[in-house]
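Read through the structure below, which is laid out as structure tokens, and then see the notes.
In our numbering, the protein residues as written are 12 to 307.
This is the structure:
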């Protein structure tokens, strides 16, 4: 039986423009191309987990607009269980994304319906309790993230928090987290210190993955391990979905029972597979694509 992953998070329609360079404040840049694709950290990570081989349920909210129809359809078409997805009257979440020719991006998110996802129902809590791993991010109200993590802790479900985007955390939230995934900016936001000092994070959570973009990632835990996990070498086209591919694959690998350092290596392969394509959810790799890079 495939591992059960529940993802609690956001769903957005991504409006992606490609150009030679990213515009500076007040500057207009002529773009090369435009793509409109379903995204949002929560939906992306749910799709990533499903494509990586997990039995995946997404808990989140979409709008009553045409974007909401597309978002729900994309999730369902990739095998994600959408039976608990809420529909809120009004606009779905929207992300405006600019990508330069080096693959770097700049993103503005308008939350829309994601703002209405304020707590968990009894049915949603039951889904969390049934999961092997719960995966959360920070594009929805933090009270909902806290409620999901608490429900997981009560039922013995392991928890991963991808603390993105960087924001202030409610007191006690990290007490419910088994594995924290952060980039350097997010690490600094949490501790107020150097991102390289993982000891400050390990005082708050038992396990940490620090993602390092093209340099791979670092895994550290309270057992004394602190290991750099190198990136896989691929041609970079667009980095937009790399972090979401990493997190979804990491959740599946851990739910499968892989040792965490091996799970991080496998997640690195997923991130590498994602950067070879333009877009968000459409760039998320299949299990076969991940395995091809992992095998190397």
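Note that the Cβ used here is the ideal one computed from N, Cα and C, for glycine as well. Predicted model only: the values in this text are computed from it and were never measured.
Cβ pair residue i, residue j closer than 8 Å
{"i": "residue 72", "j": "residue 23", "result": "no"}
{"i": "residue 198", "j": "residue 210", "result": "no"}
{"i": "residue 154", "j": "residue 123", "result": "no"}
{"i": "residue 28", "j": "residue 247", "result": "no"}
{"i": "residue 231", "j": "residue 279", "result": "no"}
{"i": "residue 56", "j": "residue 18", "result": "yes"}
{"i": "residue 191", "j": "residue 174", "result": "yes"}
{"i": "residue 8", "j": "residue 168", "result": "Limits of the chain in this structure are 12 at one end and 307 at the other, which puts residue 8 out of reach."}
{"i": "residue 120", "j": "residue 106", "result": "yes"}
{"i": "residue 262", "j": "residue 171", "result": "yes"}
{"i": "residue 59", "j": "residue 255", "result": "yes"}
{"i": "residue 216", "j": "residue 185", "result": "yes"}
{"i": "residue 96", "j": "residue 84", "result": "no"}
{"i": "residue 245", "j": "residue 283", "result": "yes"}
Supposed contact pair residue j and residue i - C-beta distance, whole angstroms, cut 8 Å
{"i": "residue 131", "j": "residue 158", "result": "5 Å"}
{"i": "residue 320", "j": "residue 212", "result": "Within the shown structure, residues of the chain are numbered from 12 to 307, placing residue 320 beyond reach of any answer."}
{"i": "residue 99", "j": "residue 68", "result": "19 Å between Cβ atoms; not a contact."}
Straight-line Cα distance separating residue j from residue i
{"i": "residue 249", "j": "residue 258", "result": "17 Å"}
{"i": "residue 76", "j": "residue 103", "result": "7 Å"}
{"i": "residue 138", "j": "residue 229", "result": "31 Å"}
{"i": "residue 238", "j": "residue 218", "result": "12 Å"}
{"i": "residue 222", "j": "residue 116", "result": "16 Å"}
{"i": "residue 70", "j": "residue 93", "result": "7 Å"}
{"i": "residue 299", "j": "residue 307", "result": "12 Å"}
{"i": "residue 32", "j": "residue 161", "result": "43 Å"}
{"i": "residue 227", "j": "residue 80", "result": "36 Å"}
{"i": "residue 260", "j": "residue 295", "result": "10 Å"}
{"i": "residue 273", "j": "residue 66", "result": "20 Å"}
{"i": "residue 276", "j": "residue 266", "result": "15 Å"}
{"i": "residue 87", "j": "residue 53", "result": "14 Å"}
{"i": "residue 142", "j": "residue 30", "result": "41 Å"}
{"i": "residue 208", "j": "residue 15", "result": "33 Å"}
{"i": "residue 240", "j": "residue 281", "result": "13 Å"}
{"i": "residue 43", "j": "residue 118", "result": "17 Å"}
{"i": "residue 253", "j": "residue 303", "result": "17 Å"}
{"i": "residue 179", "j": "residue 152", "result": "11 Å"}
{"i": "residue 140", "j": "residue 166", "result": "5 Å"}
Host beta strand (DSSP E) of residue i (start-end)
{"i": "residue 305", "result": "Unbroken run through residue 305 is the alpha helix (DSSP H), 298-306; no beta strand (DSSP E)."}
{"i": "residue 119", "result": "116-121"}
{"i": "residue 173", "result": "169-173"}
{"i": "residue 146", "result": "144-147"}
{"i": "residue 26", "result": "23-30"}
Outcome for residue i when other beta-carbon atoms lying within 10 angstroms are tallied against a minimum of 16
{"i": "residue 135", "result": "buried"}
{"i": "residue 129", "result": "exposed"}
{"i": "residue 292", "result": "buried"}
{"i": "residue 196", "result": "exposed"}
{"i": "residue 78", "result": "buried"}
{"i": "residue 182", "result": "exposed"}
{"i": "residue 233", "result": "exposed"}
{"i": "residue 21", "result": "buried"}
{"i": "residue 150", "result": "buried"}
{"i": "residue 25", "result": "buried"}
{"i": "residue 112", "result": "exposed"}
{"i": "residue 285", "result": "buried"}
{"i": "residue 251", "result": "buried"}
{"i": "residue 39", "result": "exposed"}
{"i": "residue 49", "result": "buried"}
{"i": "residue 146", "result": "buried"}
{"i": "residue 235", "result": "exposed"}
{"i": "residue 37", "result": "exposed"}
{"i": "residue 268", "result": "exposed"}
Limits of the unbroken alpha helix (DSSP H) element including residue i
{"i": "residue 190", "result": "Here residue 190 belongs to no alpha helix (DSSP H); instead the beta strand (DSSP E) covers 190-193."}
{"i": "residue 161", "result": "153-166"}
{"i": "residue 48", "result": "Not the alpha helix (DSSP H): residue 48 falls in the beta strand (DSSP E), residues 42-50."}
{"i": "residue 84", "result": "77-88"}
{"i": "residue 128", "result": "That residue, residue 128, is in no alpha helix (DSSP H); it is neither H nor E in DSSP."}
{"i": "residue 294", "result": "Segment: none, residue 294 is in no alpha helix (DSSP H) and carries neither H nor E."}
{"i": "residue 257", "result": "253-266"}
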